[in-house]
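Protein chains in written order, with our numbering: chain A, 1 to 274; chain B, 275 to 829; chain C, 830 to 1082; chain D, 1083 to 1507.
By construction, the Cβ of each residue, glycine as well, lies at the ideal position given by its N, Cα and C atoms.
Everything on this sheet refers to the single structure shown next.
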Amino acid sequence: MFPGVDGFHWTVSHILFLSLFFAVAMTIAGTVLSAAWRTARDFHRHQATQLCWESDFAEMPESERRCRHELAGRVGFRKCDNGFDCRHCSQYSQFAPLPAKVPADPVGLKYPQDRLYHRGHTWVKPEENGTVTIGLDELADHMIGEPDSIDMPEMCSELELNQTAWRLHKNGNEISLRAPIEGTVVGIGTRNSGWYLKMRPRLDLRDPLTLRHLLRGPEVSGWLSRELERLQLQLGPQNTAPALADGGVPLPGLMDAVPEADWDTVLSDTFLGI
Amino acid sequence: MKVTRRDLLVWSAGAAAGLVVTPVPWKLLDDVSIWSQNWPWIPQPARGPVDVKQSACALCPRGCGIKVRMAGGWPVGVAGVINHPVTRGALCPLAFGAHQLNWHPKRLRTVHRQASSSSWVEAQAAFAKACAEGPVVVIDGYPGRAESLVLETFAQNRNGQYHVVLSPEIRSLIPYETWSGIPATALGYDIENAQTIVSFGAPLLDGWGSPGQFSRLWAERAAGMTDPKLRLIQVEAELSRTATRAWRWVAIHQGAEAALAAGLARVLLEDRLVRARLPMPALTLTDAAVRSGITPDAIRDLARTIVANPPVVAIADDDNPAIAALNIVLGSIGTPGGIVKKTKAAKSYLAADSASSPARAVLIDASVPWEFTPQTDAEVFRFAAWDGGSSKADWLLPAPGFLEALADVPTAPAFPVETYTIASSLVKAPHEVHSAAQFVRTIDPSLPAMEKIIHTRCEDVFRRRLGTLHAQEQAPVATLPSALKLEEELRKGAVWVGEPLRVGFRCEMKEWPTISDSATSANWTESWSAPVLPPLASKLCRESNLREAPQGRNA
Amino acid sequence: MRARYGMVIDLDRCTGCGACMLACAAENNVPAIPQATARTGLTPMLVRKASNGMDGGARREVFIPIMCMHCEHETPCVHVCPQQAVEVDKATGIVMQMPQRCLGCRYCMTACPYHARYFNWWDPSWPAGMEKSLNPGVATRMRGVVEKCNLCHARLHSAKEKAAAAGKREIDPADYIPACVEACPTGAIRLGNLADPADPVTQEAHSPDAFRLLARIGTEPKVYYKSKEAWVRGLAESVSGRGANNNSEVKHV
Amino acid sequence: MSSAALTVSRFSDRKWIARGQERTSLPHFLLWLTPWVVVLALGVYAAGLCLYYGLNQTNMDNRFAFGLWIFLDLGIIALGAGAFFTGFLVYILKRADLKPILNTAVVVGFICYSGAVAILMIDVGQPLRAWFTFWHPNTHSMLTEVTFCISCYLLVLCLEYIPILLRNRQLRKLPSFLVFEHQLHKLVPVLAGVGTLLSFFHQGSLGGLYGVLRGRPFAFRQGFFIWPSTFFLFILSAIATGPSFLMLVTASVERVTGKRLVPGDLFRRLGFISGVLLGIYVAAKSIDTLIWLNVTSPSEGFAAWQYYIYKPFGTPILFAEIVLFGLLPAFLMTYHRSAMHRSWLLAAAALACGGVLLNRFVLTVQTLALPTLSFDEFLRYTPSWQEVASFAGVIAYGVIVYSLSYRYLPLFVSQEGEDTNVSRG
């Protein structure tokens, strides 16, 4: 069929057939290659993690995708379409001024007001020197208790927002903590140190927009109460007695206390996993 | 950094994708498919120059002339010899695979005593001992050869006996021998000159006589003609191959040939269709009709058709006297187109199945069909080139195979004139095989050597100065310079054809032979001596349904 | 000159001896497969039997040698072969099979109305030593490919070589005689150049007794049959369920 | 107690199953797989025999050169047509309502085509030379067209399958995979277009395969340009039964898992599409049959009656093909009363699929069984155990691949997502 192959001769049917065939082959090859090329490009432009987060966000159940303003009770019913990144939310400013209907003090858990909270149960505390301290909030800490092992990122590594910042291992579950903010790792902590990461944010902290996407005040308590509610449902009524004290405060070491629960689901719901 | 499962996953995915764009898989594919085009375990023929040799097929007494294509010293193909006076280029199907017979898995290569293998030395010792102790019977399947002469002389010297397993054509001539005293081997059917042939179950188109002779004749004078010059009337129970092609097929009851012959004779004599004064068959026409299963009128018509265009000859497929008698009625004895005498120098043989005489040992030549088993409790020494399985032989002695031994080819059975040629051996025989003649000469060295006999025969032919030599072109023997030249030509495949001796003879038939239903079985490999068929015969018998595999022979 | 080799087979002459089948097999190095049956055997030349369907004395039978008909027009096998392993030789009209290119899909076998194509179901094998008796002119095939009659192309080739050596452009017809033609004891099978009107075979092909099997399918087979008997000529038309044929009578496998 | 729970969790594959999808326990799943794996193993063994010893392992012969396997190929490729057709409807005709079935369609298509190609590789005598078709293609051969299109389309199906595969819960954790999936998914409409083109041609060519057999007047059809009528009939019947088969598959999965996987009205939509197309097919088929019986076949010297004198291939088979397996299901799936009832719909779908299988069977097997020469015999053939085993092996392969895909990949994700939400209250 090809020039050089014995008995080759051009005929109309050859030309039609071959052109069609190669057109198809090229299209298929082209599709794959362009997909591969675009992938490479996304990584090059640091859009990969963003894409992953978007896809994960899309995978999340509706109930997990509530808008912070709904949590704070500023609006009745609103679901987030921005992957929890209020910095690009067009309507943020129109809801933010509204009065919150939820008490600002979190139920029985220590959620200091000096820090901001990410939906993945991490907190961010701006320091004077322009860095931020990042840690695990109390609910998460109580739930996990003492982790079996921890892998932290390298010093000076760049972290993207919502990218896995560090991992905790517990009872064979791997828990990925999402970075609440983008920046460079400048310090590594431990559980006992009370914080896990120190980061130099990529954006200027003085700009209010930089930390806008993080929860604060009434949003936190609204969000927490829903989280507790969910926990209660997922751990099941028979577990609620040992697991949660009155007022629904989880006792430390919840994972050890209730090993038979479907932790896989609980953890991925809690830490915005997939 | 440590390699995690994720890294492995990504890596393998990338590798798989990457490998496709390298030439590695494609080259591999190419090599593999090329390999599939010449698998090492598939034999390929050795290239080499092909030269054509002429010889004769000695696998049965018909001795057809064959053209053998030789490559690298081995026969790679067999074909007929167009200008062969008898076969005229035609051969039986088996001949075309015969060149592979020597490698047949059943080929005998060692001496066997009962089941266990033995040696020539022991065989010779045993045979010598037997000869010393008592008379020997030698059985030959292909009389008239130089080898036969050696065997016969040996038998006489040992005051033993020489018996012959006769081919069906010869057997069909035995009645005339009894009535005329002329040996059956001296007689023949002059079908060349016959106008009407009534075959009583003889497989004329299926290997009868010299296959080529009749096939060619029929093809020229009868095939596809509504009014053929040669009328072939086949009287047979089944629609045999010959019957399908015959001018007329007379379907009769199984084994009623004799009855019909009698019926025909009666009609011929009663209705004065023949001028002959002969005993009338005892059988009435009605009885004949009842026995043969066709109406009296049909018999009458048949009789008239037969005599309609003489000369006519009736041919039986066995020694059925009734059909011979019919020939006498038809006056086809000693007349052109009938039963003719072809030679004065011929002797009558003892048929082997009458081998009841007491013998210490029986020696069976390789030319004897494997089916034949002697009625004796003597020690049996059997020569064969192939092992046909169960046989009564105490000793199984490996004989030369196809084209492995020098042989001479006397007149084909029932052929109307004498012929003679030499089948020179084209293939070197394995050193462990010996012919029966060689074997007996180790016991009795006084016996003449094959070469010598053949030589004297050539001289004899030359001296008589009769007949013609059919080589590339024909030459009367009288024109040949010397007997040596004659022999040389014969060894190259030429055939000597004698003069037809035009002498009539009489058959004294006192009374009509008694009618007995004869169970005829005209097997197409009746006198094919080898117990095996060429492997390629499976095309006929197993890889197609063209033919029944002949009994006792593994195709 | 552009030859069109074809055959005329006189069915009145065919005695069904089978010499052509053996000669063909020997010439083309077709193995005798021990396990093969009438359904799986290799018989590029196959003599089949047909009857007029009657019984007793009224029964008539005829033997029909079947080989590749070398169809001239819309050759079914050539059209279907996915990889050009079959082609019609423009110079000779012979339908050539190239076993070494065949992938054994057997599509051509389903396409052939004459069942004249055969598949190598087994590896070809010969008893020890018998490979010495193979015809040097023809290569053996391997398992898993289709083969068929190619009109003893090896013989045509040597005839051409001979002509070329003698400096002639045309081959001497006497040098090109396929094995089956050579073997037929009654001269029933004859080869000729149908493109040459003077060729006796061409003339016979146009005689009133001549016919071709399934001619109405329109593939212009170049193998002609001929018979004086009307019922035999009737076999050309396909009225199925007619004559019972022992040849394709096959056990239920 | 806790240790027990831990061991359970150690042996569970929960982490591989998408969050919120309820799947049966691993042991139970393995139990379900076991028989299929056994059948598959047997099939692989049989196929191995055929490849090692050659096709003498089958009961095919020189006249019955095609057998069970070709029937299988034509059959499953026809049933697999749902893949390209659904893709065509969703991406080209923008029928978003059919999206829930799309992933299943792709997986089913992938199974059918890969299975068919695998069987073809055993069926040819020299698989190692299969690629010669790409090197010396005979552009006049329908089989060339089939080979090219099927191999290309299988590639397309793989590409369409990859995104589904990469959405597996563990695989998607790898950013590179997830991003590639994301990008490839964006381009799937292109693939759907190509797939439609390819499928259109090879479904047709599979019909042409027999339609062009001038030497087999039972199969030979006149047609349009280079394509015999069977070319178009095959396309029609394939796209008509493809959706029906998807219906059957989904329904049986719902039956096995006891879950509602697709919106209730989806079956009715599919059924309607199937029914209408089937109606058109039956009409075309009838006309074609009439032309063939009265014109095409007689002109080749074959009287129509002679095809139907051999049992079991009597005229009833023709009737069944057109009315029982054609007209009836077409009516059931389009007539609103019967289409209301799921059971009627499924029955009709089953009939439709049976019909297309019967059609392929008749065209492959009856064609070869019938005599062509007047002295031919009607031929019988029973497949050898090796043939049957490889046949069963392909089916088992299909079940296994589908089960795995269903368990570990988000086939019906949108629907199930909603389900879980509902359950969460």
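Spatial neighbours of I1373/D in its own chain (CB-CB distance under 6 Å, excluding positions within 5 residues in sequence) are not present. For H386/B, DSSP records a beta bridge to S391/B and L670/B. Taking a beta-carbon distance threshold of 8 Å, P942/C counts as an interface residue toward chain D. Per DSSP, the continuous beta strand (DSSP E) segment holding I895/C begins and ends at E890 to I895.
Secondary structure remark: continuous alpha helix (DSSP H) runs of at least 4 residues inside the stretch 526–595 of chain B, in chain order: 531–544, 559–566 and 570–582.
By the Cβ neighbour-count rule, M1422/D is exposed, with fewer than 16 other Cβ atoms within 10 Å of its own. The Cβ neighbour count for D839/C, taken over all protein chains shown within 10 Å, is at least 16; the residue is labelled buried.
Relative to the Cα of P218/A, the nearest Cα in the group I175/A, E127/A, L116/A and E182/A belongs to L116/A. Within the stretch 1379–1400 of chain D, contact with chain C at the beta-carbon level (separation under 9 Å) is assigned to S1381, E1382, G1383, F1384, A1385, Q1388, Y1389, I1391 and Y1392. V974/C has a beta carbon lying within less than 8 Å of a beta carbon in chain D.
Residues of the stretch 953–986 of chain C with a C-beta less than 9 Å from any C-beta of chain B: P953, S954, W955, P956, A957, G958, M959, E960, K961, S962, L963, N964, P965, G966, V967, A968, T969, R970, M971, R972 and G973, listed in chain order. The residue among P808/B, G351/B, N819/B and L543/B with its C-alpha nearest the C-alpha of H378/B is P808/B. Taking 8 Å as the cut-off, the Cβ atoms of P911/C and P1219/D count as close.
Distance from the CA atom of W1060/C to the CA atom of N881/C, rounded to whole angstroms, is 7 Å. R549/B is classed as exposed because its beta carbon has fewer than 16 other beta carbons within 10 Å across all chains shown. Residue range M724 to R738 is occupied by the alpha helix (DSSP H) that includes R738/B. The three-state reading of DSSP puts Q508/B in strand, counting E and B together.
Closest option to M938/C, judged by alpha-carbon separation, among W955/C, Q929/C, V915/C and A957/C: V915/C. With its beta carbon less than 8 Å from one in chain B, R888/C belongs to the interface. Our two residues, V284/B and F1259/D, have alpha carbons roughly 8 Å apart in a direct line. The residue among K503/B, L543/B, G481/B and R540/B with its C-alpha nearest the C-alpha of R515/B is G481/B. Residue state for M927/C is assigned as coil, using DSSP reduced to three classes. Counting along the chain, the unbroken alpha helix (DSSP H) around E1263/D starts and ends at P1257 to G1293. In terms of Cα proximity to V1261/D, the closest of G145/A, F21/A, Q47/A and R167/A is Q47/A. Annotation: A96/A is outside any beta strand (DSSP E) and is labelled neither H nor E by DSSP. Within 8 Å of the CB of A1039/C, no CB atom of chain D is found; the nearest one sits about 17 Å away. With distances taken between CA atoms, L775/B lies nearest to A460/B out of H527/B, Q712/B, W660/B and A460/B. Comparing alpha-carbon positions, the option among T1031/C, T1048/C and A865/C lying closest to Y947/C turns out to be A865/C. Contact of A25/A with chain D is assigned, a C-beta pair being separated by under 8 Å. Apart from sequence neighbours up to five positions away, no residue of its chain approaches D734/B with a beta-carbon distance below 7 Å.
If you draw a straight line from the Cα of R216/A to the Cα of W223/A, it is about 10 Å long. Contact of N858/C with chain B by beta-carbon distance below 7 Å involves P319. Taking S1311/D as the centre and dropping the five residues before and after it, the same chain places the C-beta of R1303, G1305 and D1370 closer than 6 Å to its C-beta, in chain order. Near chain C, meaning a CB-to-CB distance below 8 Å, the residues of the stretch 801–823 of chain B are P808, P809, L810, A811, S812, K813, L814, R816, E817, S818, N819, L820 and R821.
Nearest neighbour of V683/B by Cα position, chosen from P672/B, S473/B, L760/B and S698/B, turns out to be S698/B.
One Cα belongs to A1322/D, the other to G1047/C, and the distance between them is close to 35 Å.
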